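Peer 1: Before we start, here is the structure in question, set down as C-alpha cells.
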Amino acid sequence: MTGISNRSKFDGIHVAPSILSADFARLGSAIEEVMDAGARVIHFDVMDGDFVPPITIGPLVASSIADLVHDRGGVLDVHMMVNRPERQIAEFASAGADLITFHYEATAHAHRTLGAIHELDCLAGIAINPGTPVEAVSELGGMADLILMMTVNPGWGGQAFIESSPDKVTRLLPLSDGALIEVDGGISAATAGPMAKAGASLFVAGSAVFGADDPAQAYSDILDAAKES
Ligand code: DX5
Ligand code: ZN
Numbered sequence: 760m761t762g763i764s765n766r767s768k769f770d771g772i773h774v775a776p777s778i779l780s781a782d783f784a785r786l787g788s789a790i791e792e793v794m795d796a797g798a799r800v801i802h803f804d805v806m807d808g809d810f811v812p813p814i815t816i817g818p819l820v821a822s823s824i825a826d827l828v829h830d831r832g833g834v835l836d837v838h839m840m841v842n843r844p845e846r847q848i849a850e851f852a853s854a855g856a857d858l859i860t861f862h863y864e865a866t867a868h869a870h871r872t873l874g875a876i877h878e879l880d881c882l883a884g885i886a887i888n889p890g891t892p893v894e895a896v897s898e899l900g901g902m903a904d905l906i907l908m909m910t911v912n913p914g915w916g917g918q919a920f921i922e923s924s925p926d927k928v929t930r931l932l933p934l935s936d937g938a939l940i941e942v943d944g945g946i947s948a949a950t951a952g953p954m955a956k957a958g959a960s961l962f963v964a965g966s967a968v969f970g971a972d973d974p975a976q977a978y979s980d981i982l983d984a985a986k987e988s
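With this note's numbering applied, the sequence shown corresponds to residues 760 to 988, in that order.
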C-alpha cells in the first residue's frame with residue numbers, strides 16, 4: 760500500500776472522480792465503475808469540521824480503498840481540507856495516498872509540509888482557495904508536484920463553478936514552475952474545456968460524475984471536453 764514517488768501516472772489530461780459524491784454504501788463498486796471507464800486518479804476529500812464546516816472521511820476509509828485503486832493501476836489523490844495538515848500527512852501516506860494536497864491557508868508551514876510529504880514518498884500538492892491570490896504559491900511551485908486551484912469554495916460538492924476561474928489559471932501558470940495544475944469544484948463537460956485551454960490538466964469532478972445516471976459516460980464526456988479544447 761505504499762505510494763508512488765514520480766509523476767508519470769499524472770502525465771496528460773486526467774479526470775479525477777471525487778468520491779465525495781459517491782454512494783458510500785457501495786463505495787467499492789462506485790470506484791470500480793469509473794475505473795472501468797478509464798479513470799486512474801481517484802480524488803479523496805478530507806474535511807475536518809474546522810478548516811471547512813463538514814466532516815467527511817479520513818485514513819481509515821483511504822486504507823480500505825487503496826488496494827482496490829492500486830490494483831487497477833490507479834492513484835489515490837488525497838485533498839486535505841484540514842487545519843494544520845502537517846499533523847496527519849503520515850497517516851495518509853501509510854493509508855496508501857499517492858498524492859497528498861493540503862491548503863496554503865491551513866498552515867503556517869507550507870514549504871516545510873511539502874518537503875515532509877516528499878519524505879513520506881508521496882507526491883505533494885498545494886491548494887489555494889478562490890479568494891487566495893495566485894502569488895501565494897510563487898515561492899512553492901518548485902517544491903510542489905501539483906497546485907490545486909479551487910474553482911468553488913471548499914466544503915461541499917455540487918456548487919456552481921466560479922466563472923472567473925479560467926483567467927485565474929492563466930495567471931497561475933507562469934508561477935507554477937512546472938507543477939501540474941488541478942482544478943476542483945463545479946467541473947463538468949461544460950467547464951472542463953475552458954479550464955483545459957487555460958492550462959489545467961487534472962480535473963476533479965464529483966457531482967457531474969457520481970450524480971449522473973451513467974457515471975462512466977459522464978466521466979468520458981468530461982474527459983473528451985477537456986481533451987478537445
Ligand atoms: C469540494 C471538494 C470537491 C468536491 C467537488 O470542497 O474539494 O472535490 O467533491 O464536487 P463537485 O464536482 O460536485 O463540485
Ligand atoms: Zn477536492
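All C-beta atoms in this analysis are idealised placements derived from N, C-alpha and C, irrespective of residue type, glycine included.
Quick caveat: nothing in here was measured; it's all calculated off a predicted structure.
(1) What is the residue span of the alpha helix (DSSP H) that residue 968 lies within?
(2) Quick one: does the C-beta of residue 913 sit closer than 6 Å to a heavy atom of the ligand DX5?
(3) According to DSSP, is residue 758 helix, strand or coil?
(4) For residue 910, count the other beta carbons within 10 Å of its own beta carbon; 16 or more makes it buried, fewer makes it exposed. Which is it?
(5) Return the bridge partner residues of residue 858 from the DSSP annotation.
(6) In terms of residue numbering, what span does the alpha helix (DSSP H) encompassing residue 826 cover?
(7) With a threshold of 6 Å on Cβ separation, who are the neighbours of residue 970 within its own chain once the five nearest residues in sequence on each side are excluded?
(8) Taking the alpha helix (DSSP H) that residue 974 falls in, what are its first and last residues?
(9) Tell me whether residue 762 is buried or exposed, calling it buried when 16 or more other Cβ atoms sit within 10 Å of its Cβ.
(10) Distance check for residue 795 and residue 947, CA to CA, integer angstroms please.
(11) With a floor of 3 residues, list each beta strand (DSSP E) that falls wholly inside the segment 936 to 960, ordered by position along the chain.
(12) Is any heavy atom of the ligand ZN found at a distance shorter than 6 Å from the C-beta of residue 862?
(13) DSSP three-state call for residue 933: helix, strand or coil?
Peer 2: Based on what the coordinates show:
(1) Walking along the sequence shown from the start, residue 968 turns up at place 209. From DSSP, the alpha helix (DSSP H) with residue 968 extends over 966 to 969.
(2) Here residue 913 refers to the residue found at position 154 of the sequence shown. Under cutoff, so the answer is yes.
(3) The requested residue 758 is not part of the displayed model; the chain covers only 760 to 988.
(4) In the sequence shown, counting from the first residue as 1, residue 910 sits at position 151. Per the 10 Å Cβ criterion, buried.
(5) The residue you call residue 858 lines up with position 99 of the sequence shown. DSSP lists 836 and 882 as partners of residue 858.
(6) The count along the sequence shown starts at 1 and reaches residue 826 at position 67. Unbroken alpha helix (DSSP H) run through residue 826: 818 to 830.
(7) The residue given as residue 970 occupies position 211 in the sequence shown. Exclusion of the five residues before and after residue 970 leaves 780 as the residues of its chain whose Cβ lies within less than 6 Å of its Cβ.
(8) Residue numbering aside, residue 974 sits at position 215 when the sequence shown is read from its first letter. Segment 974 to 987, the alpha helix (DSSP H) holding residue 974.
(9) Here residue 762 refers to the residue found at position 3 of the sequence shown. Note that residue 762 scores 42 on pLDDT, short of 50, meaning its location in the model is unreliable; the coordinates nonetheless yield the value given after this. Residue environment analysis places residue 762 among the buried positions, since at least 16 neighbouring C-beta atoms fall within 10 angstroms of its C-beta.
(10) For the purposes of this step, residue 947 is taken as the residue at position 188 of the sequence shown. For the purposes of this step, residue 795 is taken as the residue at position 36 of the sequence shown. Rounded to whole angstroms, residue 947 to residue 795 spans 19 Å at the Cα level.
(11) 939 to 943
(12) In the sequence shown, residue 862 corresponds to position 103, counting from 1. Outside the cutoff, so no.
(13) Translated into the one-based positions of the sequence shown, residue 933 becomes position 174. The answer is helix: DSSP assigns residue 933 an H, G or I state.
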